[in-house]
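Residue numbers (the UniProt record's numbering), protein chains in the order written: chain G, 1 to 365; chain V, 1 to 365. Note that CB positions come from ideal geometry on N, CA and C, so glycine has one too. Nothing here was measured: the structure is a model prediction, and the numbers come from that model. Following: one structure in structure tokens, then a few remarks.
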């Protein structure tokens, strides 16, 4: 049922890189498309929040209002009450990677509040949470969109949904789903030239800001496993969790428990020979090694880890920190539908969030 | 304003390859998602139509009902009257490539009837028709979607819209937009090996059903020019028509006016040396020749024709009859957002139509 007013209230949790980019896109959107009227009614970081009884925060001035606010963030149930009491429909934009916020999506959705987010946690956690989220949305008629949870702004989730919703049969999904892993392997084992030493490439990637503060959070493969979990579920495999299928970690056993990312980087050169052997083995076959995820719908298997590719394969030819995702389906036959481009970064991640918001607005306003 | 009932009436014009694939996808969709209730109320070919005062045609039996019908198609104004009088909202699905039907979109849209189509004619004809269509939709609140007008089911138009709507700045769009041209050049000038003779490849493509009945309708470049016109307009360039920018035709001047496609194919070998020279010139630079379209937003220029690419370029590495479309934008930087895959065929074209219909349903029902 459409709301009688032509206004929508937006609450934003998270004011980091993605949150800031999103606010700037939201300001431009509100200026360019005055209908429906977009009213920012809540903004919070982990420590503070800005909101008021008029449900009105300036979009352009939100970050200043947040910085100068003396209010603590509302608890999630309080925020749900606040939004449910808004004078028109409300959308929660979760720009965090918080499990707590993710766990509260069923609450928001069941109260008619739509959710838009790049947060992977809700869709790659327990299968029960996944079911609770979509059941709550279906029951209450609220919407939930999460394009940026895989491949940032690349149209990965919308394309998979379109394939499934129009009755195509997905047989396999394969790709490079991590900008960090893409950068590391494109530098370590390039198609042309010999590439660098593994530990040196990891160090460089960290210095360039391409890794998490502790690079082990990328190298353990869990980020890729989370994305595969989301895609597998959308394709129809009820994957229980991101640890319920084989995930290859690139952290040497001996370094799993060292106390810090710095100590890890210091000791990593001692293990370069392992990665060097993998690279040589591939080279001997005229191939290169890449860190990929794949979902085989026929055998119902999901896996994440190192694989070898011909140098002419699109996965081998990837550049920089780009992602690539190939959808093999019955309709598309032997040549897959391929989507490629930057899969990380504040602006492109926020783009996925903003385009999701536009889709929600077209349905609720 | 949402319709009070939870039913939507669908009228389908066109029962060729795309039309048949669409009906089969529509039947599966109606069975899988019973809400809103999808009622097929009209189906027509160029000669016949099936419809009744109950607004009810069996989706599964539509083609038989059409074959055994003795009714002539309604005129387009009559069809608009018929749909406007339906007991709930209606969607017109135009699975033809007819200019007449395209010219009537403003009429349907202005009467609240949404339009979904793979027909390029409406969006690549005169700029006035383009404006009339979107003005009528905006005024009446009806929807118009045409994903399959470029790249069939590939998410080309939705991605470009998302980029523009979220405020990214498109700087360049480049790609191979014709399955026929893709097949011809991937065979004529492959990355590995020497390829075939030009006229022999054209003949083969025709025999395999990859060309129009008269291959000149592909070789004149107009199909690609129409697609470029659509993308340029969506990106913000008010291109007047598909003949208002440079389009290179691959039809030798001397063969433009021969009377039939067969005569053209018979005489084409006499002109093979021209294409052979182009291929050799590229080879001397270690490149291959491809038939591409490009839109440069900075210089506001659109062009269609032959260009040379390094053998490692994604456009050179294309396979079979795949399309590839690269979006260069401010946010995506030097590595474009790339979409690749089959850009022609009944099933994938119908997929774009069906997914558009799903988007329209989510907004009007």
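{"Query": "Closer than 8 angstroms to chain V by CB, residue 335 (chain G)", "Result": "yes"}
{"Query": "Distance between residue 155 (chain V) and residue 348 (chain G) (C-alpha atoms, nearest Å)", "Result": "17 angstroms"}
{"Query": "Interface partners of residue 205 (chain V) on chain G, CB under 7 angstroms", "Result": "None at all; the shortest Cβ gap to chain G is about 16 angstroms."}
{"Query": "Proximal residues to residue 174 (chain G) (C-beta, below 6 angstroms), its chain only, five neighbours per side dropped", "Result": "294 and 326"}
{"Query": "Cβ separation of residue 12 (chain G) and residue 101 (chain G), assumed to be a contact under 8 angstroms, to the nearest whole Å", "Result": "Their Cβ separation, rounded to whole angstroms, is 11 angstroms, which puts residue 12 (chain G) and residue 101 (chain G) out of contact at 8 angstroms."}
{"Query": "Straight-line Cα distance separating residue 232 (chain V) from residue 151 (chain G)", "Result": "26 angstroms"}
{"Query": "Beta-carbon proximity of residue 18 (chain V) to residue 95 (chain V), cut-off 8 angstroms", "Result": "yes"}
{"Query": "Under 8 angstroms between C-beta atoms of residue 297 (chain V) and residue 121 (chain V)", "Result": "no"}
{"Query": "Pairwise C-alpha distance: residue 227 (chain G) and residue 128 (chain G)", "Result": "17 angstroms"}
{"Query": "Residue 75 (chain V) vs residue 50 (chain V) beta-carbon contact at 8 angstroms", "Result": "no"}
{"Query": "Residue-chain proximity (residue 159 (chain G), chain V), Cβ-Cβ < 8 angstroms", "Result": "yes"}
{"Query": "Three or more C-beta pairs below 8 angstroms linking the stretch 308-327 of chain V and the stretch 335-348 of chain V", "Result": "yes"}
{"Query": "Within-8 angstroms CB hit, residue 79 (chain V) to chain G", "Result": "no"}
{"Query": "Residue range of the alpha helix (DSSP H) that includes residue 167 (chain V)", "Result": "No alpha helix (DSSP H) contains residue 167 (chain V), which DSSP labels as neither H nor E."}
{"Query": "Environment of residue 225 (chain V) [buried if 16+ CB atoms lie within 10 Å]", "Result": "buried"}
{"Query": "Outcome for residue 26 (chain G) when other beta-carbon atoms lying within 10 angstroms are tallied against a minimum of 16", "Result": "buried"}
{"Query": "Between the CA atoms of residue 318 (chain G) and residue 335 (chain V) - distance to the nearest angstrom", "Result": "10 angstroms"}
{"Query": "Contact with chain V by residue 142 (chain G), beta-carbon distance below 8 angstroms", "Result": "no"}
{"Query": "Entirely enclosed alpha helix (DSSP H) segments - the stretch 191-227 of chain G, minimum 4 residues", "Result": "198-207 and 216-219"}
{"Query": "Span separating the alpha-carbon of residue 29 (chain G) from that of residue 165 (chain G)", "Result": "29 angstroms"}
{"Query": "Cβ pair residue 45 (chain G), residue 15 (chain G) closer than 8 angstroms", "Result": "yes"}
{"Query": "Meets three-Cβ-pair contact criterion under 8 angstroms: the stretch 267-286 of chain G and the stretch 207-214 of chain G", "Result": "no"}
{"Query": "Spatial distance of residue 142 (chain V) from residue 37 (chain G) (CA atoms)", "Result": "20 angstroms"}
{"Query": "is_contact[residue 362 (chain V), chain G] using C-beta, thresh 8 angstroms", "Result": "yes"}
{"Query": "Residues of its chain near residue 126 (chain G), where Cβ-Cβ distance is below 8 angstroms and the 5 sequence neighbours each way are ignored", "Result": "240 and 241"}
{"Query": "Ranges of the beta strand (DSSP E) found wholly within the stretch 260-343 of chain V, counting only runs of at least 3", "Result": "287-296, 301-310, 322-329 and 337-342"}
{"Query": "DSSP-derived helix/strand/coil call for residue 55 (chain G)", "Result": "coil"}
{"Query": "The stretch 251-259 of chain V contacting the stretch 176-191 of chain V, beta-carbon criterion three pairs below 8 angstroms", "Result": "no"}
{"Query": "Spatial distance of residue 216 (chain V) from residue 245 (chain V) (CA atoms)", "Result": "19 angstroms"}
{"Query": "Beta-carbon gap between residue 230 (chain V) and residue 178 (chain V) smaller than 8 angstroms", "Result": "no"}
{"Query": "Length-filtered (3 minimum) beta strand (DSSP E) runs lying within the stretch 21-75 of chain V", "Result": "37-44 and 49-51"}
{"Query": "Interface residues of chain V facing residue 116 (chain G) [CB-CB closer than 9 angstroms]", "Result": "Correct list: empty, because the minimum Cβ distance to chain V is about 12 angstroms."}
{"Query": "Residue from G:62, G:24 and G:306 whose Cα sits closest to the Cα of residue 221 (chain G)", "Result": "G:306"}
{"Query": "Local conformation of residue 352 (chain V) per DSSP, three classes", "Result": "helix"}
{"Query": "Local Cβ density within 10 Å of residue 32 (chain V), reported as buried at 16 or more and exposed below that", "Result": "exposed"}
{"Query": "Exposure label - residue 238 (chain G); buried when at least 16 CB within 10 Å", "Result": "exposed"}
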